[in-house]
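S.K.: Below are the structure tokens for one structure; questions will follow.
In the UniProt record's numbering, the protein residues as written are 1 to 576.
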């Protein structure tokens, strides 16, 4: 036995030595040129068949390093955008803003490693994590909640306001969002132990699709405001009169900067190399930053004053649950759970592993549990709730690399980028117009994800009704954000009652939350029609459309329908 253990250790040592000291172990025979060759019309690109690297396949060190960096770039914009927008909503200082960007990168790297590793819970059949290259980033959906919660905090005096009405920094309000996120994460953790079939019955694509769609639509507004110069402009001068290059809100120069980012993203998709296509958003952002710097749009003082390095808990926030945000946050975690199920399924598919059966269901259970657990941990690490990202599925598909080694390298790069806070300071200094060109594209992709989920619905007459009824109020609340302000006008001394009213207002004015609530209720309340009834209904509709309008009153309804079936019985049987 001792000799066998010694032999295994010796073989392992030789393998590691070969991996780190030979050309084959470091570079292998991978066609690296393929990753960097653009698809320009005048360049003939030979078609090469790249090897597929599975979850635990042996792969060269440099390739894992390179593809891990590509994964990190692909998710970089999605990780840093929410803290930038949420910091602006809370009017946090530049120091806090830089810290939150750095912290989001660090926490994203740490929590992604949990999803990728997949831990077994002792003495149970349950796991934490998927065991796939399932990366974790800051949830966009939180932006929608904070965009409604902070104005409510300022209106109620829970966030400070100066004597002239200027909203001041509200770190305690941000702490309230973190504490609420911690508590509400317990819902997703509890739901992760339910069978996937039960979850899909209660929260089918018919419910989650419209919710994700509205999240994207509401986010596009904030992205487009930044594209035009920034939502927080003073006297319509963006960002303010003391900036290096101040301009009026919506000026042609701001629109041009944002459009440059958008145009470069399109060019990357059309002619870029595989590595450029998967991180086209970052390439567009980089080009926009270069042009903005050349035209003196950058304010570099924040970069100069930023510390060299930072880490979690350098800045902390007072944790106190903000009652009105509880219901919207619960709805958020339900959405994150269903998004996680979809993302894990997509990752399983591109990773060429099972998309059905016990192992797949185990990955779903572990991924959802890790998603809820990561949401709780991220809030304790001073970041808003984290969720499983889908951006990296494109990287896996293009590079044919589903190997967890690349995933761990991705975690490493995210942590390193976060620790060196000068990098975060540079991201904070990016002009709003450049950032808006990028975030508008990202946020619209969220809305498109909602449409993709909706497209999987069969769309019977009943499904169309549920979809329409759940979307009515949510879409209206997204377009007219203060529609419910005049319903509860209580201004007494009962703070508990006032907080209860604020919670109702926040839910009703958060489009995705009210849509999700109505969708769940209607989906369970209204039964699904039988296939035969739906087909018959479709035949009647087709007949009416072809023959013109028919006025039917009283008992003639039965006779008209009956005569129709008698005359076209054979056609109806064929269709059925």
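Idealized CB from N, CA, C, for every residue including glycine.
#1: With C-beta atoms as the reference, is residue 419 less than 7 Å away from residue 309?
#2: Kindly indicate the opening and closing residues of the beta strand (DSSP E) around residue 580.
#3: Does the region 123-137 come close enough to the region 367-378 to have 3 or more Cβ pairs within less than 8 Å?
#4: Quick check on the DSSP output: what are the complete alpha helix (DSSP H) runs of length 4 or more inside the region 94-172, in order along the chain?
#5: Determine contact between the region 327-343 and the region 192-204, defined as no fewer than three beta-carbon pairs at a distance below 8 Å.
#6: DSSP state of residue 188, grouped into three classes?
#7: Alpha carbon to alpha carbon, what distance is there between residue 437 and residue 156?
#8: On the three-state DSSP scale, how would you describe residue 484?
#9: Near residue 390, what residues of its chain come up, given a Cβ to Cβ distance below 6 Å and the 5 sequence neighbours on each side ignored?
#10: Counting contacts by CB-CB distance shorter than 7 Å, is residue 308 in contact with chain C?
#11: Quick one: what does DSSP say residue 268 is sitting in, helix, strand or coil?
#12: Would you say the region 28-41 touches the region 253-272, given that touching needs at least three Cβ pairs under 8 Å?
#13: Just tell me which of 529, 524, 528 has its CA closest to the CA of residue 198.
#14: Out of 24, 194, 36, 325, point me to the one whose CA is closest to residue 150's CA.
#15: Is it the case that the region 219-233 contacts the region 422-433, given that we only count it when at least three CB pairs across the two stretches are under 8 Å?
#16: Keeping to the same chain, check which residues put their C-beta closer than 8 Å to that of residue 492; ignore five residues upstream and five downstream.
#17: Cutting at 7 Å between CB atoms, please list the residues of its own chain near residue 393, excluding the five before and the five after it.
#18: Starting from residue 248, follow its DSSP beta bridges and name the residues at the other end.
#19: Would you say residue 311 and residue 171 are within 7 Å of each other, going by their C-beta atoms?
#20: Helix, strand or coil: how does DSSP classify residue 577 here?
#21: Unbroken alpha helix (DSSP H) runs of length 4 or more, entirely within the region 332-386: which are they?
#22: Kindly list the residues whose CB is nearer than 7 Å to the CB of residue 180, restricted to its own chain and excluding five residues on each side of it in sequence; keep chain order.
#23: Leaving out the 5 sequence neighbours to the left and right, which residues in its chain are closer than 7 Å to residue 362 when beta-carbon positions are compared?
#24: Measuring straight from C-alpha to C-alpha, what distance separates residue 477 and residue 147?
#25: I need the straight-line Cα distance from residue 3 to residue 123, nearest angstrom please.
#26: For residue 527 and residue 464, what's the separation of their Cα atoms in angstroms?
#27: Taking buried to mean at least 16 other C-beta atoms within 10 Å of its own C-beta, is residue 502 buried or exposed?
#28: Using the beta-carbon count (16 or more within 10 Å), is residue 553 buried or exposed?
#29: Would you call residue 58 buried or exposed, if buried means 16 or more other Cβ atoms sit within 10 Å of its Cβ?
#30: Between the alpha carbons of residue 211 and residue 24, how many angstroms are there, rounded?
#31: Need the endpoints of the alpha helix (DSSP H) that residue 578 sits in, please.
#32: How many Å lie between residue 519 and residue 14 at the Cα?
#33: Starting from the N-terminal side, write out each stretch of the alpha helix (DSSP H) that is 4 residues or longer and does not extend beyond the region 482-516.
#34: Looking at the unbroken alpha helix (DSSP H) that takes in residue 71, where does it start and where does it end?
#35: Please confirm whether residue 215 and residue 144 have their CB atoms less than 7 Å apart.
#36: Quick check on the DSSP output: the alpha helix (DSSP H) that includes residue 232 runs from which residue to which?
M.R.: In this structure, then:
#1: In terms of Cβ geometry, residue 419 and residue 309 form a close pair [threshold 7 Å].
#2: Summary: the structure shown does not reach residue 580, with the chain confined to residues 1 through 576, and so no result is reported for it.
#3: Yes: the two stretches touch, three or more of their Cβ pairs being nearer than 8 Å.
#4: List check, alpha helix (DSSP H) in window: 94-117, 141-155.
#5: With a cut-off of 8 Å, the region 192-204 and the region 327-343 count as touching, because enough Cβ pairs lie within range.
#6: It is helical.
#7: Rounded to the nearest angstrom, the gap between the Cα atoms of residue 156 and residue 437 is 34 Å.
#8: Coil, per DSSP.
#9: So the list reads 343, once near-sequence residues are dropped.
#10: Here chain C cannot be found, since the structure has a single protein chain.
#11: Correct three-state label for residue 268: helix.
#12: Verdict: yes, contact present.
#13: Comparing Cα positions, the closest option is 524.
#14: Nearest C-alpha to residue 150: 325.
#15: With contact defined as three or more Cβ pairs closer than 8 Å, the region 422-433 and the region 219-233 are in contact.
#16: Excluding sequence neighbours, residue 492 sits near 498.
#17: Taken in chain order, the residues that qualify are 346, 347, 350.
#18: Looking at the DSSP output, residue 248 bridges to 237.
#19: Residue 171 is positioned such that its CB atom lies no closer than 7 Å to that of residue 311.
#20: Past the boundaries of the shown model lies residue 577; the chain is included only from 1 to 576, so the question cannot be answered.
#21: Qualifying alpha helix (DSSP H) stretches, in chain order: 358-380.
#22: These residues qualify, in order along the chain: 321, 322, 325, 326, 329.
#23: Counting only Cβ-Cβ distances below 7 Å, and skipping sequence neighbours, we find 127.
#24: Roughly 13 Å between the two C-alpha positions.
#25: Straight-line Cα distance between these residues: approximately 32 Å.
#26: Residue 527 and residue 464 have their C-alpha atoms roughly 13 Å apart.
#27: Label assigned to residue 502: buried.
#28: Note that residue 553 scores a pLDDT of 39, beneath 50, so its modelled location is shaky; the value from the coordinates is reported in the next line. Residue 553 comes out exposed.
#29: Residue 58 is exposed by the Cβ-count criterion.
#30: Their Cα atoms are separated by approximately 49 Å.
#31: A question about residue 578 goes unanswered here, because the residues of the chain that appear run from 1 up to 576.
#32: Just so you know, the alpha carbons of residue 519 and residue 14 end up roughly 59 Å apart.
#33: Counting only runs of 4 or more, we get 495-509.
#34: Counting along the chain, the alpha helix (DSSP H) containing residue 71 begins and ends at 61-89.
#35: Judged by beta-carbon spacing, residue 144 lies within the 7 Å limit of residue 215, meaning their Cβ atoms are closer than that value.
#36: For residue 232, there is no enclosing alpha helix (DSSP H), as DSSP marks it with neither H nor E.
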